[in-house]
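Right, one structure below, let's go through it.
2 protein chains.
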Amino acid sequence: MEEYLFSRDIAAAHNIAQSIPATESDPQFQEVYNWFRAQPDVEDRFGQVIRQSIDEVLDGQRTGRFNLRDLEKTEKTYLGTKVEIITRTDFGLTRGRVMDFSVCGHDVDSKFTIGSNWTIPREADQHICLLIKADDQRGTFRVGLLRIRDDLLNAGENRDRKRSPSAAGRDAIKWVVPDGRLPENILLSLSVTDREVIFKNKKSGQSRTNELFRCPRVQGRIVNRNTVLTVARQDDSLKRVRDARNQLRSAGIIILGHQGQHPSIARSLDLPVPSKGSWVAARVTEIDDLHPTRKTAQIADRNYAVWGEGDTPSAAPPNY
Amino acid sequence: MEEYLFSRDIAAAHNIAQSIPATESDPQFQEVYNWFRAQPDVEDRFGQVIRQSIDEVLDGQRTGRFNLRDLEKTEKTYLGTKVEIITRTDFGLTRGRVMDFSVCGHDVDSKFTIGSNWTIPREADQHICLLIKADDQRGTFRVGLLRIRDDLLNAGENRDRKRSPSAAGRDAIKWVVPDGRLPENILLSLSVTDREVIFKNKKSGQSRTNELFRCPRVQGRIVNRNTVLTVARQDDSLKRVRDARNQLRSAGIIILGHQGQHPSIARSLDLPVPSKGSWVAARVTEIDDLHPTRKTAQIADRNYAVWGEGDTPSAAPPNY
Chain A
565 MEEYLFSRDI AAAHNIAQSI PATESDPQFQ EVYNWFRAQP DVEDRFGQVI RQSIDEVLDG
625 QRTGRFNLRD LEKTEKTYLG TKVEIITRTD FGLTRGRVMD FSVCGHDVDS KFTIGSNWTI
685 PREADQHICL LIKADDQRGT FRVGLLRIRD DLLNAGENRD RKRSPSAAGR DAIKWVVPDG
745 RLPENILLSL SVTDREVIFK NKKSGQSRTN ELFRCPRVQG RIVNRNTVLT VARQDDSLKR
805 VRDARNQLRS AGIIILGHQG QHPSIARSLD LPVPSKGSWV AARVTEIDDL HPTRKTAQIA
865 DRNYAVWGEG DTPSAAPPNY
Chain B
565 MEEYLFSRDI AAAHNIAQSI PATESDPQFQ EVYNWFRAQP DVEDRFGQVI RQSIDEVLDG
625 QRTGRFNLRD LEKTEKTYLG TKVEIITRTD FGLTRGRVMD FSVCGHDVDS KFTIGSNWTI
685 PREADQHICL LIKADDQRGT FRVGLLRIRD DLLNAGENRD RKRSPSAAGR DAIKWVVPDG
745 RLPENILLSL SVTDREVIFK NKKSGQSRTN ELFRCPRVQG RIVNRNTVLT VARQDDSLKR
805 VRDARNQLRS AGIIILGHQG QHPSIARSLD LPVPSKGSWV AARVTEIDDL HPTRKTAQIA
865 DRNYAVWGEG DTPSAAPPNY
């Protein structure tokens, strides 16, 4: 402790903090910033990194959780480590000498928060930090860079002696992704009532999967594998979706994946087109003639449109 | 804090700790113990729970790690949470009212350590704890139950105010699995030299996979999917193994999986038989006649035995 204060005093005496160049005249910082900005699809990739990290720690298949609020403290702490690991893998980075990453040969520390601000450990002082922040409820995230300096942190420390960027510090962040859209957490976006209907049956994962695709607020939106696993609490998402397709046929509900004619049916009906490991459901109605103003798809020699108020109820096609 | 001390004093005054029955005369404790003991394959399942937990937190596919020594502090803490989650799922348990599990309607807390002792939080006082301990280096684990009492814990507290079972406490543990064998962490069991050869090529996951199966200390032992992913640092373990099979053919190395005739070849050669998602490699030699004292397998109309010192080098069969 005394040693620490001593070196802080020396630093103050030599005015080291002031000698660190501002962001614009910090060539190492610029190099790191340019490197991230030059990464192809940087926004999508950080979005996927964060989505994957959140989903792995929620561990929906085993726990049925989809809300970060339900994580334990140890899991919230670990979430930052998972974001660091997946960022390193996705961007092909190695470890730095003393910090989490090496970017263009410069050490960069990784800091993640789902709260309002980051907590910066003492060791990161003078280092470049990759600051990542996510709000799963709003489906937003930001990624920025900041060279940590004493005058950019609040004075107060938490009990681990960590401090947070001050208003001036937050203003000094250079944003790699200023306003990212997080891949949707569909269960989190539903109303309490919709979720109660989906999760009502405690015993049957298949029944819960059926209710997921039957839900009008889920139809027309991409449902990914993790959502099915979280609802079904079972290994085999493919089989659960296949069985839901059969069991919802009489209710006029189709579930499209990425295989065969499914993507073209999705496009014809103006639905989002699922990629591998994701699906889109819709309630359809059989219509006799090609209707000039409605999007229709021909499936097994019949014409279908997305069901609307006033349409006759009809079964979904037997094969598609 | 004062309130806390106050209730401790009251407890002391009423001698509550002494009024808790000893293990043998604690019917709730006995019920929980009997429940775990009655679970089919309890040792195998706890072994798998621990193996899976360790492997997920090591995250070998992304990090290349296979040694718990390389985990960060947040990851070590989280490992206990992962063991708790997978135990709950595997044994179909629900959460307790205030503790981690409900077993026969009784609250049970989950505590895991890879060290020498467990740390017990204040909240677990008077509760039944499921104590799990693993040593990945030795490939051993233990699972036991203990009703936490003040006189079974050491006096000293860590900075989170947690205490550890004393010698008397550890003696009082009733073991569900007294001496379990953990599924092998094959990379951890190899010599530094063997590992250097396997991990030498930093760029090619395929080359590392080839070296894994070429290693004489790996041959004849079950290699699981996680080991291949940790070595290859890629998604598709099946493809890496398939390509290794082709690339190691001229070196006389076969890699057997669970499909087709592979299990029967493994049995004929006295090798362990791989289950789905695992493999066994062996160096073989073609032998002309059936040798009376050697285990042989007929593959593609030729006879092969496991290669031994003095045998002629030969290629592995072209198809199997």
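So the sequence lines, in the order shown, correspond to chains A and B. When we follow the working numbering, the leftmost residue of the first sequence carries the number 565, and every step to the right adds one. When we follow the working numbering, the leftmost residue of the second sequence carries the number 565, and every step to the right adds one. No residue lacks a Cβ here, since even glycine has one placed at the ideal position from N, Cα and C.
Counting only beta-carbon separations shorter than 8 Å, does residue i have a partner in chain B?
{"i": "residue 650 of chain A", "result": "yes"}
{"i": "residue 794 of chain A", "result": "no"}
{"i": "residue 868 of chain A", "result": "no"}
{"i": "residue 639 of chain A", "result": "yes"}
{"i": "residue 607 of chain A", "result": "no"}
{"i": "residue 773 of chain A", "result": "no"}
{"i": "residue 642 of chain A", "result": "yes"}
Within its chain, find whatever has a CB closer than 7 Å to the CB of residue i; leave out the 5 residues flanking it on each side and keep chain order.
{"i": "residue 717 of chain B", "result": "684, 727, 728, 729, 730 and 733"}
{"i": "residue 708 of chain A", "result": "695, 737, 738, 739 and 740"}
{"i": "residue 915 of chain B", "result": "The question about residue 915 of chain B has no answer, for chain B in this structure spans 565 to 884."}
Determine, using beta carbons only, whether residue i comes closer than 8 Å to chain A.
{"i": "residue 565 of chain B", "result": "Note that residue 565 of chain B scores 33 on pLDDT, short of 50, meaning its location in the model is unreliable and no value can be drawn from it."}
{"i": "residue 597 of chain B", "result": "no"}
{"i": "residue 711 of chain B", "result": "no"}
Decide if residue i is buried, meaning its Cβ has at least 16 other Cβ atoms within 10 Å, or exposed.
{"i": "residue 598 of chain A", "result": "exposed"}
{"i": "residue 882 of chain B", "result": "exposed"}
{"i": "residue 700 of chain A", "result": "buried"}
{"i": "residue 719 of chain A", "result": "exposed"}
{"i": "residue 611 of chain B", "result": "buried"}
{"i": "residue 814 of chain B", "result": "exposed"}
{"i": "residue 662 of chain A", "result": "exposed"}
{"i": "residue 802 of chain A", "result": "exposed"}
{"i": "residue 693 of chain A", "result": "buried"}
{"i": "residue 857 of chain A", "result": "exposed"}
{"i": "residue 775 of chain B", "result": "buried"}
{"i": "residue 674 of chain A", "result": "buried"}
{"i": "residue 804 of chain B", "result": "buried"}
{"i": "residue 772 of chain A", "result": "buried"}
{"i": "residue 664 of chain B", "result": "buried"}
{"i": "residue 671 of chain B", "result": "buried"}
{"i": "residue 760 of chain A", "result": "exposed"}
{"i": "residue 644 of chain A", "result": "buried"}
{"i": "residue 824 of chain B", "result": "exposed"}
Cutting at 6 Å between CB atoms, please list the residues of its own chain near residue i, excluding the five before and the five after it.
{"i": "residue 580 of chain B", "result": "Because residue 580 of chain B carries a pLDDT of 43, less than 50, the predicted location of this residue cannot be relied on, and the following value inherits that uncertainty. Taken in chain order, the list of residues that qualify is empty."}
{"i": "residue 705 of chain A", "result": "614, 698, 744 and 746"}
{"i": "residue 809 of chain A", "result": "819"}
{"i": "residue 666 of chain A", "result": "658 and 660"}
Anything in chain A within Cβ reach of residue i, meaning under 7 Å, just list it in chain order.
{"i": "residue 623 of chain B", "result": "649"}
Can you pull the chain B residues whose beta carbon is under 7 Å from the beta carbon of residue i, in chain order?
{"i": "residue 653 of chain A", "result": "626"}
Applying a beta-carbon distance threshold of less than 9 Å, which residues of chain B neighbour residue i?
{"i": "residue 683 of chain A", "result": "Ordered by position in chain B, no residue passes the 9 Å Cβ test against residue 683 of chain A, which lies about 13 Å from the chain."}
Taking C-beta pairs closer than 8 Å, name the residues in chain A that residue i reaches, listed in chain order.
{"i": "residue 636 of chain B", "result": "645"}
Between residue i and the rest of its own chain, which residues show a CB-CB distance below 8 Å, the 5 nearest in sequence each way excluded?
{"i": "residue 833 of chain B", "result": "846, 848, 859, 860, 861, 868, 869 and 870"}
{"i": "residue 689 of chain A", "result": "712, 713 and 714"}
{"i": "residue 855 of chain A", "result": "869"}
{"i": "residue 816 of chain B", "result": "847, 848, 849, 871, 877, 878, 879 and 880"}
Three or more C-beta pairs under 8 Å: does that hold for the region 759-768 of chain B against the region 610-626 of chain A?
no
Under 8 Å: do the region 784-803 of chain B and the region 842-858 of chain B share three or more Cβ pairs, one atom per stretch?
A contact exists between the region 784-803 of chain B and the region 842-858 of chain B.
Do the region 747-759 of chain A and the region 769-786 of chain A touch if we need at least three Cβ pairs shorter than 8 Å?
yes
Does the structure place the region 631-638 of chain A close enough to the region 654-670 of chain A that three or more beta carbon pairs sit under 8 Å?
no
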